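What follows is one structure encoded as structure tokens, with my remarks underneath.
Numbering (the working numbering), first residue to last: 206 to 793.
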């Protein structure tokens, strides 16, 4: 079946059918031609003989000579009948038997032949013999005084000649057909062999093998086609490389952008998503309690609504989105395929930092004033009480002095924290890195909080996934970070709550996660937890036993950043908070 579908088969069959048709028509014409030719030649020969015999009858009086001459000139398969002017008849047959009287009477009285004897007309035709009912060729030549010469023979001899001629024509046609078949297949193979090479090369091109070349076997049109095919392969390779470079350049530009970029198809499929956009999607999934499906990620509702506006005909749509306390501004514009909208591109900018800086500028003086006003007021009030001798006994004066001392220490801690934070943000922090045993290090820190956790009736747990025993960090600074995170978790978790610490360490990352199921952080405050003077409790009286300065998380962030790491927070109000930080270990 493959042969009939191939170009070789189609071309060979076409040539064979064409030649077969030509041979068939030619054979029919040749058969008709040779059949007519044999009959015409036989009639001409018989008429020449009849003419000669008629001339002898007219010129010779010797009947014996005439008859002998007739026997010599007669064809072995023919018959000769002489009608003399005196009415006598002489006949000679092919088997040396005398013709019957009936046959002679037939020649004399046959209507078609009678004109030879009565009207001196020549006759030359095919007619049916009365005795044998065979078709014969008969010619008649008149002589003087109503005499005549008749010569005739059966068509069987001519039929045998035609049969032999037909065999020769059929044999020649068969040989021609066989040779045609051979040369058709040979020619088709020669023509299609380069085409097969081109098909194989085209198959290689579809697989990306643009270095594939077709051998140039001939210098005709097919050879020119092979040359152009090779040139096309080179041009394809050039353009594909150019497109690949453009794609890599575009991908690098999109990946390095600080803004999130999401390219969408018309039906909402996300085609291109850069890292900042991935961060936005991760926060959106977390906010909406949706499990991430990497094979078919769900398009955020806000993006889908804007996409429908773009598809309906808008040139651009600007939308603000607030997720996990972060403020995003999204600008979406359409992508066209001619006049048809085939999709859209959304640029998502995180405006949280700008909003944060603006808020920080407004709140900094208020926060510092608030933090310093309370201890200053207490220092002023209790010192005036001592000066005015309101405290009469020594014990009362000692109590007032003790309060003044504690408030001064609190102011000192606040000032020291501000100085440390200022140095860190100025880049003057100095790390004393060392190799620590992770398990021993973390266990020691956890022991410090077991008593505090028990006092507050909070369950404190530790989960470890330590693949590498040692980590390379500044132990004092990291302990400061852990202490701050665990202390915050305990202070903001109600009784019978849970605080879980997870530690993991491998060749690449030292990771810590502190998770609680406490009060959580409101969405509007979440972006500012690492800022100076941030406190979850706006009244700042949540825990009167142990107050903070509001600088701990800011200091923790600067310590982690100094280790070239990252610190993150995820929280939902009244559900809990998770702080996590990662420090790379491949820079030892």
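Each residue gets a CB set at the ideal place from its N, CA and C atoms; glycine is no exception.
Computed from a predicted structure; not experimentally measured.
Check, Outcome
"Span separating the alpha-carbon of residue 220 from that of residue 378", "15 Å"
"Three or more C-beta pairs below 8 Å linking the segment 689-704 and the segment 505-523", "no"
"Inter-stretch contact (C-beta, 8 Å, three-pair minimum) for the segment 639-650 and the segment 599-615", "no"
"Span separating the alpha-carbon of residue 360 from that of residue 373", "20 Å"
"For residue 489 and residue 547, the rounded distance between their alpha carbons", "25 Å"
"Length of the line joining the Cα atoms of residue 751 and residue 757", "Caution applies to residue 751, whose pLDDT of 45 falls short of 50 and renders its modelled position unreliable; the model cannot decide the point."
"Integer-rounded CB distance, given that residue 612 should sit under 8 Å from residue 636", "Not a contact, Cβ separation roughly 33 Å."
"Nonlocal neighbours in the same chain, by C-beta distance under 7 Å from residue 240, ignoring five residues either side", "367"
"Residue burial classification, residue 389 (beta-carbon count within 10 angstroms, cutoff 16)", "buried"
"Own chain residues within Cβ distance below 6 Å of residue 256, not counting five before or after", "346"
"Rounded distance between the beta-carbons of residue 759 and residue 735, thought under 8 Å", "6 Å"
"DSSP state of residue 517 mapped onto helix, strand, coil", "coil"
"For residue 767, three-class secondary structure by DSSP", "helix"
"Minimum length 3: unbroken beta strand (DSSP E) runs contained in the segment 371-424", "none"
"C-beta atoms of residue 287 and residue 258 nearer than 8 Å", "yes"
"Validate contact between the segment 429-441 and the segment 395-405 using beta carbons, cut 8 Å, 3 pairs", "yes"
"For residue 536, the first and last residue of its enclosing beta strand (DSSP E)", "531-542"
"DSSP state of residue 343 mapped onto helix, strand, coil", "strand"
"C-alpha gap between residue 780 and residue 443, whole angstroms", "58 Å"
"Beta-carbon proximity check, residue 551 vs residue 508, cutoff 8 Å", "yes"
"Alpha-carbon to alpha-carbon, residue 725 and residue 731", "9 Å"
"For residue 467 and residue 459, believed in contact at Cβ under 8 Å, the rounded distance", "Not really, about 10 Å apart at Cβ, beyond 8 Å."
"DSSP state of residue 438 mapped onto helix, strand, coil", "helix"
"Which of helix, strand or coil DSSP assigns to residue 464", "coil"
"Which listed residue (248, 789, 230 and 707) has its alpha carbon closest to that of residue 648", "707"
"Contact check, residue 512 vs residue 473, beta carbons under 8 Å", "yes"
"Local conformation of residue 450 per DSSP, three classes", "helix"
"Inter-residue Cα distance where the pair is residue 607 and residue 594", "16 Å"
"Beta-carbon proximity check, residue 678 vs residue 733, cutoff 8 Å", "no"
"CB contact flag (residue 491, residue 454, <8 Å)", "no"
"Reduced DSSP category for residue 672 - H, G, I as helix; E, B as strand; rest coil", "coil"
"Three-state secondary structure (DSSP) of residue 349", "coil"
"Reduced DSSP category for residue 662 - H, G, I as helix; E, B as strand; rest coil", "coil"
"Close-in-space but distant-in-sequence residues of the same chain around residue 251 (CB under 6 Å, 5 per side omitted)", "344 and 356"
"Same chain, Cβ closer than 7 Å to residue 223, five either side skipped, listed in chain order", "none"
"Nearest neighbour of residue 728, chosen from 532, 353 and 386 [CA to CA]", "532"
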